[in-house]
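Take the position in the sequence shown, starting the count at 1, then add 168; the result is the number in this note's numbering.
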Amino acid sequence: MKNIVILISGSGSNMAAIARAAHKEHWQGTFGARVAVVISNKLDAGGLALARDMGIATEVVAHRDFASREAFDAALMARIEPYAPHLVVLAGFMRILTPGFVERYAGRLINIHPSLLPAFAGLHTHQRAIDMGCKVAGTTVHQVTAELDHGEILAQAVVPVLPGDTAERLAARVLTQEHLIYPQAVRNFLAQPPG
């Protein structure tokens with residue numbers, strides 16, 4: 169079984185989009201794949217209840233319980249490893265991962281970022297795009313590397329920046345596209361031949 173481990177910090181809307189696609193498109197039969205567990209670094213993450221309602225196992229590794237990023241990442245890996253993940257998906261997981269963690273899951277660790285990378289890596293992407301006068305914004309699914317918001321681009325979607333846009337309105341339109349391209353990128357990853 170190709171186990172998918174999804175890491176979240178908040179509402180879990182991208183996690184839910186992936187899990188719904190997995191169910192609707194019968195990934196278990198087609199790819200031998202399933203969403204095995206959703207792990208959050210926050211006990212109160214809304215996505216945990218959402219995952220449980222969808223019948224997905226959940227776990228919490230609270231980052232505040234650890235004195236360092238290295239200690240947190242070690243504990244997180246200890247929770248991930250029993251699932252023997254084929255793919256680790258960052259879906260609104262708001263932690264910068266250590267090089268050791270990234271190296272452990274290299275080639276099977278993906279993230280979604282709310283900009284057209286390489287533009288606007290980091291935070292406040294929508295406001296930055298508006299402030300720079302961009303005509304388009306968007307979202308990118310990419311392989312995770314030790315360098316923040318870099319790595320091979322797997323999928324992108326373009327969203328127009330409209331006159332009078334606020335960061336909130338633009339973010340809502342971008343999120344709609346995230347829910348389309350993230351499941352698609354995961355599906356494409358699962359469909360790749362081994363090796």
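Glycine included, each C-beta is placed from N, C-alpha and C at the ideal position.
Quiz item: Whole beta strand (DSSP E) runs in the stretch 291-345 with 3 or more residues, listed along the chain?
Solution: 304-311 and 321-328
* What are the residues that DSSP puts in a beta bridge with S283? -> Paired residues: none, contrary to the question.
| query | Can at least three beta-carbon pairs, one atom from the stretch 283-293 and one from the stretch 231-249, be found at a separation below 8 Å? | reply | no
Exercise. Determine contact between the stretch 294-307 and the stretch 257-277, defined as no fewer than three beta-carbon pairs at a distance below 8 Å.
Key: no
**Study point:** Inter-stretch contact (C-beta, 8 Å, three-pair minimum) for the stretch 246-257 and the stretch 204-218
**Key:** yes
- Query: What distance in whole Å lies between the Cβ atoms of I278 and A353, which are believed to be in contact at a cut-off of 8 Å?
  - Reply: 7 Å
**Request:** Determine the direct distance from the alpha carbon of I186 to that of A339, and round the result to whole angstroms.
**Result:** 19 Å
Do L244 and N171 have their beta-carbon atoms positioned less than 9 Å apart in this structure?
no
*Distance CB(R232)-CB(T226) smaller than 9 Å*: no
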